[in-house]
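Novice:
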Amino acid sequence: MDNAVDRHVFYISDGTAITAEVLGHAVMSQFPVTISSITLPFVENESRARAVKDQIDAIYHQTGVRPLVFYSIVLPEIRAIILQSEGFCQDIVQALVAPLQQEMKLDPTPIAHRTHGLNPNNLNKYDARIAAIDYTLAHDDGISLRNLDQAQVILLGVSRCGKTPTSLYLAMQFGIRAANYPFIADDMDNLLLPASLKPLQHKLFGLTIDPERLAAIREERRENSRYASLRQCRMEVAEVEALYRKIRSRGLTVPIIR
Numbered sequence: 010m011d012n013a014v015d016r017h018v019f020y021i022s023d024g025t026a027i028t029a030e031v032l033g034h035a036v037m038s039q040f041p042v043t044i045s046s047i048t049l050p051f052v053e054n055e056s057r058a059r060a061v062k063d064q065i066d067a068i069y070h071q072t073g074v075r076p077l078v079f080y081s082i083v084l085p086e087i088r089a090i091i092l093q094s095e096g097f098c099q100d101i102v103q104a105l106v107a108p109l110q111q112e113m114k115l116d117p118t119p120i121a122h123r124t125h126g127l128n129p130n131n132l133n134k135y136d137a138r139i140a141a142i143d144y145t146l147a148h149d150d151g152i153s154l155r156n157l158d159q160a161q162v163i164l165l166g167v168s169r170c171g172k173t174p175t176s177l178y179l180a181m182q183f184g185i186r187a188a189n190y191p192f193i194a195d196d197m198d199n200l201l202l203p204a205s206l207k208p209l210q211h212k213l214f215g216l217t218i219d220p221e222r223l224a225a226i227r228e229e230r231r232e233n234s235r236y237a238s239l240r241q242c243r244m245e246v247a248e249v250e251a252l253y254r255k256i257r258s259r260g261l262t263v264p265i266i267r
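What the sequence shown shows, in my numbering, is residues 10 to 267, in sequence order.
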């Protein structure tokens, strides 16, 4: 086995595998081990299931250690094939369903793709998420300052500190209309809160980041540049954090998130 990896972990589903992956990650985070994760969604037929079984078995024979397998599969014939593998298999949904079945005196009616599928009960939430994603993309990185009053949150921060992925996560997972505004290198000589954001300070959230991490991220984008230098990153983070403190010193609440 690779010396840097303690266990190989599979997240398998006949759907998106989001449930298996999220719950599996939550479980594995309780253990002080380094893992190599393999997510396999849409295992919907026996041919695909046998290929997944072979992949699990290959890792076992290569490493001598049973891979951990977290799965969420509705069809019993697909489950049976996965269970024949050399992996240590855990049905993460059934582990919760069984005690609930006993408590509620109801039999479950499993349906593939129900967890993340559309139904009459969640169509409104789906529409809200799509609208939030559209809004967030239109207001990413200061592209547009129009209709900022419609934003539910506005993220501030230096370039590459995580504004865009955080905004999209809020939109996709929670239907939150999130705008974000970048502070760029040219702003640093006289860093001020833009006039268009001053009336919206109750919606502002200031993002910050360790300068070393910021430099590593920027280096991937612009290698050996002033933009990615640790000195530049330290200066920008310090200036932006000073602006956050200045705003807060006036009695205004701008939560700072690292």
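Where a beta carbon is used, it is the ideal one built from N, C-alpha and C, also for glycine.
With DSSP run on the structure shown, which of helix, strand or coil describes L127?
Specialist: With a pLDDT of only 45 at L127, under 50, the local geometry of the prediction cannot be trusted, and the value read off the model is given with reservation. Three-state DSSP puts L127 in coil, outside helix and strand.
Novice: Under 8 Å, with one C-beta from each stretch per pair, do the stretch 150-158 and the stretch 179-197 reach the 3-pair mark?
Specialist: Output reads yes: the stretch 179-197 touches the stretch 150-158.
Novice: Roughly how many angstroms lie between the CA atoms of S153 and I218, to the nearest whole one?
Specialist: Cα to Cα, S153 sits roughly 24 Å from I218.
Novice: Runs of 3 residues minimum, wholly inside the stretch 66-128: which ones carry the beta strand (DSSP E) assignment?
Specialist: Complete beta strand (DSSP E) runs here, min 3: 77-81, 97-100.
Novice: Please state the DSSP three-state secondary structure of I218.
Specialist: Of the three classes helix, strand and coil, the one that applies to I218 here is coil, per DSSP.
Novice: Sort out for me which residues DSSP pairs G166 with in a bridge.
Specialist: For G166, which the question treats as bridged, DSSP gives the partners P191.
Novice: Tell me which same chain residues have a C-beta within less than 7 Å of the C-beta of M197, skipping the five on either side of it?
Specialist: These residues qualify, in order along the chain: M244, E245, E248.
Novice: Have a look at T43, V167, S22 and flag the residue whose alpha-carbon is nearest the alpha-carbon of D15.
Specialist: Here the closest residue by C-alpha is T43.
Novice: Can you name the residues that DSSP bridges to Y20?
Specialist: DSSP lists T48, F79 as partners of Y20.
Novice: Would you report the Cα separation of A89 and G33, rounded to the nearest angstrom?
Specialist: Each residue's Cα considered, the two are about 20 Å apart.
Novice: Of all Cβ atoms in chain D, is any one closer than 9 Å to the Cβ of R16?
Specialist: This model lacks chain D altogether, as it is built from one protein chain only.
Novice: Quick one: measure Cβ to Cβ for L202 and I256, integer angstroms, because I've assumed they're closer than 8 Å.
Specialist: Confirmed, Cβ separation roughly 7 Å.
Novice: Comparing alpha-carbon positions, which option in G171, R259, F19 lies nearest K207?
Specialist: For K207, the nearest C-alpha among the options comes from R259.
Novice: What would DSSP say about G256, mapped onto helix, strand or coil?
Specialist: In the sequence on display, residue 256 carries Ile and not Gly. Looking at I256 - three-state DSSP - the assignment turns out to be helix.
Novice: What is the rounded straight-line gap between the Cα of A237 and the Cα of D195?
Specialist: Rounded to the nearest angstrom, the two C-alpha atoms are 15 Å apart.
Novice: Can you list, in chain order, the residues of its chain whose CB lies under 7 Å from that of Y253, leaving out five sequence neighbours each side?
Specialist: These residues qualify, in order along the chain: G215, V263, I265.
Novice: In the DSSP assignment, find the unbroken alpha helix (DSSP H) run with F183 in it and report its ends.
Specialist: Segment 172-183, the alpha helix (DSSP H) holding F183.
Novice: Distance check for I65 and P117, CA to CA, integer angstroms please.
Specialist: Roughly 29 Å between the two C-alpha positions.
Novice: Hey, L200 and A224 are a contact pair by Cβ (cut 8 Å); roughly how many whole angstroms apart?
Specialist: In fact, because the Cβ distance is near 19 Å, the residues do not count as touching under 8 Å.
Novice: Below 8 Å, how does it come out for the stretch 132-150 and the stretch 228-237: are there three or more Cβ pairs, yes or no?
Specialist: No contact exists between the stretch 132-150 and the stretch 228-237.
Novice: Under 9 Å between the Cβ atoms of V36 and F79?
Specialist: Yes, Cβ-Cβ distance for V36 and F79 is below 9 Å.
Novice: Are the CB atoms of T28 and I101 within a distance shorter than 9 Å?
Specialist: Yes, the pair counts as a contact, with Cβ atoms nearer than the cut-off.
Novice: Just to confirm the assignment, what range does the alpha helix (DSSP H) spanning L32 have?
Specialist: Looking at the DSSP string, the run of the alpha helix (DSSP H) that includes L32 is 27-37.
Novice: Determine the burial state of K350: buried for a count of at least 16 other Cβ atoms within 10 Å of its Cβ, exposed for fewer.
Specialist: As shown, the chain starts at 10 and ends at 267. That puts residue 350 outside it, with no answer to give.
Novice: With a threshold of 16 other CB atoms inside 10 Å of the CB of G112, please say whether the residue is buried or exposed.
Specialist: Reading off the sequence shown, one finds Glu at residue 112, where the question assumed Gly. Exposed, by the Cβ-count rule.
Novice: Under the rule that 16 or more other beta-carbon atoms within 10 Å means buried, what is D23, buried or exposed?
Specialist: D23 comes out buried.
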